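*Asks:* Quick one: structure below, then a few questions.
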Amino acid sequence: MSDIKLNLGCGERKFPGFINVDKFGTPDVKHDLESFPWPWESNTVSEIALIHVLEHLGKDTEIYFGIFKEIYRVCKHEAKVRIVVPHFRHEFFYDDPTHVRVVTPLGLKLFSKKQNKLWIKNGAANSPLGLYLNIDFELKQTVIKPSQDWFRLHPEQNVDINLLQQKSAIYNNLIEQYDMQLEVIKDN
Ligand SMILES: C[S@@+](CC[C@H](N)C(=O)[O-])C[C@H]1O[C@@H](n2cnc3c(N)ncnc32)[C@H](O)[C@@H]1O
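If you're matching positions, the sequence shown starts at 248 in this note's numbering and goes up one per residue.
Now the structure itself:
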């Protein structure tokens, strides 16, 4: 049975054991990720890495949805999808003119059917995108990377994550990036 791992938007950082994909350079597979369908069969992929890539994709919302529909289609049940992006309130996000899309943990939770059903039951207004697009991802983990500015203000090694999140809701440049892990749900 095929067990494919994809490093999408690999740039110059190719991962051993993965198919490294990019629209530029000399990847294993040259493909524009905004062009559909992607060149892999349905239910063949067990792991996907998008390391500092998703913020470059899907300026057009339908294209962004198309990317998540393709990730869902090619993945097997319980496949892991790692998404690393700059924090939308850090200047790294604004420095690069090819950054066109903000990606947040809550934004990824919109693709969870379980969350969608809970929000509908509780009368919440969050867009139930998992149900609308018929895709299903669970956000399993979010690691937030404090910035150098944070450590200048709080040099202690043990980071108070709650304080960091509270302050980052008000001030810029405190969180550098989100590192998020999704799991693909196909058993319902
Ligand atoms: C910031 S670099 C990150 C590269 C690598 N993942 C890393 O961590 O070093 C973003 C990469 O996404 C690729 N990329 C941007 N838009 C793309 C698209 N539509 N299809 C495929 N690759 C794309 C770029 O060519 C670039 O190599």
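Just so it is clear, CB atoms sit at the ideal spot from N, CA and C, and this is done for glycine as well.
Predicted, not measured: the structure shown is a model, and the values here were computed from it.
#1: Answer yes if the region 322-333 comes into contact with the region 281-297, meaning at least three C-beta pairs across the two stretches below 8 Å, and no otherwise.
#2: In chain order, what residues of the same chain have a beta carbon less than 8 Å from the beta carbon of Asp396, not counting five sequence neighbours either side?
#3: Ala296 and Leu255 look like a contact to me (Cβ under 8 Å); what is the Cβ gap, rounded to whole Å?
#4: Classify Ser282: buried if its beta carbon has 16 or more other beta carbons within 10 angstroms, exposed otherwise.
#5: What's the gap between the Cα of Ser374 and the Cα of Glu309?
#6: Residues bridged to Ala296 by DSSP?
#7: Which partner residues of Ile391 appear in the DSSP bridge assignment?
#8: Asp426 and Lys392 - do their beta-carbons sit closer together than 8 Å?
#9: Between Ser359 and Gly377, which are expected to be in contact by the criterion C-beta below 8 Å, what is the C-beta distance as a whole number of angstroms?
#10: Below 8 Å between beta carbons: does that hold for His334 and Gln424?
*Replies:* In terms of the structure at hand:
#1: Because the criterion of three Cβ pairs below 8 Å is met, the region 281-297 and the region 322-333 touch.
#2: Result list for Asp396: Asn420 and Leu421, in chain order.
#3: Taking a contact as a CB-CB distance under 8 Å, the pair Ala296 and Leu255 counts as one, their CB atoms being some 7 Å apart.
#4: So Ser282 counts as exposed.
#5: The alpha-carbon atoms of Ser374 and Glu309 are separated by roughly 14 Å.
#6: Ala296 is bridged to Asn254 and Arg329.
#7: The secondary-structure analysis by DSSP pairs Ile391 across a beta bridge with Tyr425.
#8: In this structure, Lys392 sits near Asp426, with a CB-CB distance shorter than 8 Å.
#9: Indeed, because the Cβ distance is near 5 Å, the residues count as touching under 8 Å.
#10: Result yes, Cβ atoms of His334 and Gln424 sit closer than 8 Å.
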